[in-house]
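To start, the structure under review is shown below, and the notes come after it.
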Amino acid sequence: MSDYGNFEKVGSLGKTLPRNDESIITKPGDLILYQGNSFVIYYDTNSWNFTRLGKIENISQGELKKILGVGSITVTLSLEK
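For reference, each letter of the sequence shown is one residue, going 1 to 81 in full-length UniProt numbering.
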């Protein structure tokens, strides 16, 4: 995932997923599907038509920016059984 627009980290999923786009104003911690093929973690605000996937809870904007850092990162998503 890489920085885009100084408000998000975005990365390609490598495939297209079903989407349910709606007009959203993002907030830090929002997890978004963009155009069905990109996963986005927001660390600042933006508005567009997105599919909301979830939210990182109980973290400040500053803490999130520090964790995500500057430049490219690798993010692994997992589900617990």
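Note that beta-carbon positions come from the ideal geometry of N, C-alpha and C, so glycine has one too. Nothing here was measured: the structure is a model prediction, and the numbers come from that model.
Beta-bridge partners of residue i, as assigned by DSSP
i	result
Ile25	Ser47
Phe39	Gly11, Leu33
Arg52	Ile32
Ser2	Val10
Residue i versus residue j: straight-line alpha-carbon distance, rounded
i	j	result
Ser23	Arg52	10 Å
Leu17	Leu77	15 Å
Gly11	Ile73	9 Å
Asn37	Phe50	11 Å
Distance between beta carbons of residue j and residue i, contact taken as under 8 Å
i	j	result
Gly54	Leu31	4 Å
Ile56	Lys9	Not really, about 12 Å apart at Cβ, beyond 8 Å.
Lys65	Thr45	Not quite, the Cβ-Cβ distance comes to about 13 Å (not below 8 Å), so this is no contact.
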